[in-house]
Structure formats: structure tokens, C-alpha cells
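Below is one structure, written out as C-alpha cells; comments come after it.
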Amino acid sequence: MTEYPVRRDPRKIIAVVTICVIFVVAAYAAVTWWKPRFVVYTYSSFLNWGDEGAEVVLERAFSPFEEMYGVDIDVKLLEMDANGIISKLVAESANPVADVVIGIDNILILQEAARNVLEPYISPNLSFINDTFVELLDPDHYLTPFDFGLVTLIYSTNTINTTTHPQLGNLTFADLADTELASALVTENPHFSSPGLSFLLSQIAVYKKILHLDWTNWWEDVREDIDVQEGWTEAWEVWSGDPTKHLLVSYGTDPAYSANYLGTAPDTAVAMFSYNNQQWAWMQVEGVGLVKNGPNPDLGKAFIDYCLNATVQMEIPLNQWMFPVRTDLALPSVYQYAIHPDEVSVLNQLLDRTEISLNLSSWLDLWDTTRTP
């Protein structure tokens, strides 16, 4: 007897074909649309001081890199300072999450913990920037310069000025030890804050290298008067909100920020320290570094190169309120009110990297001691 094939239900055939098509399309979409994730660690205020907000600025700065390399950049704006970010990288070192980190500066990189979580990399784009920034930040290339600023004292001209207090024009630490000015000063804790640490190192540099005096004596003299806040944000809030606080440890670009915000001449001025007929300030250089054993090392190197191009560097002045390390770029007009590096003597040159590295821990311990009556 002849056996005939059983007729198949066409609805079942169509269903099977449809499922196959869905799997093929899904697989193609996964291959076509899936992009590797590239993670950047930085602090919460990164590029977040402009009129548009960080989200818009980050998109404008880094979307060309995403398109160029077919990746999704995830910029983690962490609610911690650079010290905290280093601690996070240490905790994750067995299985790193981040590919690169932005914001570790020329003092924090002296810590062994920072160097242990980063991989040296020499970018070919260093040719675009001044060698001075490399030497100040990290000649061993664990970090590549990203931006820089001059740490100094600022004051509100609405409450104090060189007419009421002529010493502001040629300020010394002896002037600042006077009870009136000392009680008007807000600074940051050097254990937690980059500008706070820069201020401490500025004072040590002046006392050790210019005055040849015991630097701890000054802190003992002012410990009852100076307001020490944990970080820069907290210090800024006190300075801007308390009418008795006239002086703040901050950046020489703050008058430019004031002018941009007001749309007129600034109501913020800078008081630099004056010794040997020179005006002095501390230079902070922030870098971008390759995380050791990060998920995408080749992309990380390409990203570091990219951070030195004009697309990224042009976003720094009006959103970071630091100077770009690309000195060939035109600065916004409000930067006429900022203190420029060629207008000051840099205190960093008085304390070399080796001396700071060998003594920083003991200096911080001594600072703690001077704060205790």
C-alpha cells in the first residue's frame, strides 16, 4: 500500500518561519547595534559649572569619540573627591570597572596607591601641550595632563577690597595671621580636598624655602580663627553665605566665572601671596589616566589621546573653569579677569616632587597636631 505524506498545517509552517526570522533579525540587531561600554570615573562637578549642565557638555565633548570607535561612553560622576576615586579603584583592582579616570592631580599621583591602580601611557598627542605640564603632573606618565589652575585666595569685593585692606594687594602669611583676616578665611581640609592640600603646600613652601621658618607655627597661631571645611563645595557655600567670611582658598579663574555669571565686571578678586617682589600661587594640574587591567586598554589609550584634541579642551574654560592644557586655543573673553600662569611665580618649583612624596604623610600628621589646642 502506498503511503502518502501527511499534509502539514500551513499555519504551523508560517509560525516556525516567523520564529526563525525573529531570531535572525534579533541576532543581526545584536551584532549591528550592540556597542561595548566604556567607563570613565571622575568627580561629580566635572564639566558641570557652565550654563548648560554636564549632560549636554559631556555629550558634545565625547559623542564624536563614541561614533569614531563605536562605543557607549558611561561617564560616572562620582560623589567623591579624587582621593575617594583612588580608594574606589583600589577596592576594584582585582576586577576593574573603569577604563580611565579623570581628576587625579599632581599631588595625589605621588601616592603609591594611585600609581598602583594606573598604567603608564605616553600619548603621541603630548606634542600639542607644553612639557611643563607633564613635568609638573607626572613625568612617569601614569597621568596625562588634562587641565590646570592656580590655587590662591579669592575675596568678594562687595565686602572687602584693597582700599579697606591694602595688604590684599601684596599679601603675606603674616598678614593673614592677623585675627581679622584669619577669622574671615575659609579653607579646605588637606586630607580630603585638592585646593586645601595646595594651600597647605603653598604655606609650607613659603615658610621652608623663602622665610626659613618652622611652618607649623603659623597654623598654631591661626587655629582658633580659620574656618576649615571638608571640601571646596562646602567651603564655597560658607564663603558665599556667611557675611563674615571674606576670603576663600580657591582658583585664580574665579573672577572670570564671576564676570561670566554677572555679565559685567566681576565682584570677585584674587589675593596672591607676595614675597621677594614676586606674586606666588600653587599650580594644580589634573590628569587623565589609564586604569590598570581595565576592560578596554586600547580604547583607553585612544580616549586619552582624544582628551587632548580641541573638541574636548575647548569645553574646559567655561564648564570646568580651569585652563585647558592646549595653550594654542583661544580663551573666552572673560578670562581677561583670570590670573594667568605667566603672571605669577609657581610655588611648586620650591617643593620638588621627591621632597613632597617623602614628607607629605608626616606634614599632614603635623598639620593635624597643630589643629589640636
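Residue numbers (this note's numbering): 362 to 734. Where is the CB? At the ideal position from N, CA and C, for every residue including glycine.
Beta strand (DSSP E) segment containing residue 506, residue limits: Residue 506: member of the beta strand (DSSP E) spanning 505-517, first to last residue.
Inter-residue CB distance, residue 686 and residue 423 (contact presumed, cutoff 8 Å): A Cβ-Cβ distance of about 17 Å is found for the pair residue 686 and residue 423, leaving them out of contact under the 8 Å criterion.
Distance CB(residue 655)-CB(residue 457) smaller than 7 Å: Yes, the pair counts as a contact, with Cβ atoms nearer than the cut-off.
Start-to-end residues for the alpha helix (DSSP H) that takes in residue 418: For residue 418, the enclosing alpha helix (DSSP H) starts and ends at 415-430.
DSSP three-state assignment for residue 487, whether helix, strand or coil: DSSP places residue 487 in the helix class (H, G or I) of the three-state scheme.
Stretch pair the region 477-492 + the region 574-584: three plus CB contacts closer than 8 Å: The region 477-492 is not in contact with the region 574-584.
Under the three-state DSSP convention, the category residue 476 falls into: The answer is helix: DSSP assigns residue 476 an H, G or I state.
6 Å Cβ shell around residue 695 - same chain, five flanking residues per side excluded: Beyond the five residues adjoining it in sequence on each side, residue 695 comes within less than 6 Å, by CB distance, of 617, 620, 621 in the same chain, given in chain order.
Exposure label - residue 637; buried when at least 16 CB within 10 Å: With fewer than 16 other Cβ atoms inside 10 Å of its own Cβ, residue 637 counts as exposed.
Proximity to residue 517 [Cα-Cα], best of 629, 500, 556: The shortest CA-to-CA distance from residue 517 to any of 629, 500, 556 is the one to 629.
Whole runs of the alpha helix (DSSP H) within the region 596-641, excluding any shorter than 4 residues: Listed in chain order, they are 615-623.
heavy atom of the ligand FMN below 6 Å from residue 447 C-beta: As for the ligand FMN, it is missing from this structure, which has no ligand bound.
Between the CA atoms of residue 478 and residue 455 - distance to the nearest angstrom: Spanning the two alpha carbons is a distance of roughly 10 Å.
Distance between residue 715 and residue 733 (C-alpha atoms, nearest Å): Those two C-alpha atoms are separated by around 28 Å.
Simplified DSSP assignment, three categories, for residue 434: Residue state for residue 434 is assigned as strand, using DSSP reduced to three classes.
Residue 459 classed as buried or exposed, judged by whether at least 16 other C-beta atoms fall within 10 angstroms: It counts as buried.
Local Cβ density within 10 Å of residue 662, reported as buried at 16 or more and exposed below that: Burial call: buried.
Residue 592 versus residue 483 - alpha carbon distance: It is roughly 32 Å from the alpha-carbon of residue 592 to the alpha-carbon of residue 483.
Continuous beta strand (DSSP E) stretch holding residue 402: start and end: That run of the beta strand (DSSP E) goes 398-404.
Chain-order list of residues whose beta-carbon lies under 6 Å from that of residue 678 (same chain, five-residue window excluded): If you ignore the 5 residues before and after residue 678, its C-beta comes within less than 6 Å of the C-beta of 692, 693, all in its own chain and listed in chain order.
Alpha carbon of residue 635 to alpha carbon of residue 731, nearest angstrom: Taking the straight line from one Cα to the other gives about 24 Å.
Cβ-Cβ separation, residue 643 to residue 562 (assumed contact under 8 Å), whole Å: Contact flag correct, Cβ pair sits at about 6 Å.
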